[in-house]
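Colleague:
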Amino acid sequence: MDEPEYLICLQCETPTYQFEYISGKLATVLCGTCGSDDVSEFMTEAELEEQTGG
Numbered sequence: 334m335d336e337p338e339y340l341i342c343l344q345c346e347t348p349t350y351q352f353e354y355i356s357g358k359l360a361t362v363l364c365g366t367c368g369s370d371d372v373s374e375f376m377t378e379a380e381l382e383e384q385t386g387g
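The opening residue of the sequence shown carries number 334 in the numbering used here; numbering runs sequentially from there.
1) When DSSP labels each residue in this structure, what does LEU359 get in the three-state scheme?
2) For GLU353, name the three-state secondary structure that DSSP assigns.
3) By Cβ distance below 7 Å, which residues in the same chain neighbour GLY365 in space, the five residues on each side in sequence not counted?
4) Give me the Cα-Cα distance between LYS358 and CYS342, rounded to the nearest whole angstrom.
5) Would SER369 be called buried (16 or more neighbouring beta carbons within 10 Å of its own) or exposed?
This is the structure we're talking about:
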């Protein structure tokens, strides 16, 4: 998977650009709006659309 330009925080639905991929996997992330840093709480725009059927 190519590294995305941004990720969407599932807590506040805000895009974040503060993240790091290591070996193709999301290693660290931080939402500047709500402060969430749990990697399981972030998705790419495509993943979010796929999950919500949008």
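Ideal Cβ placement from N, Cα and C applies to all residues, glycine included.
If you're wondering where the values come from, they're calculated on a predicted model, not measured in any experiment.
Modeller: The structure says:
1) strand
2) strand
3) THR349, GLN351
4) 16 Å
5) buried
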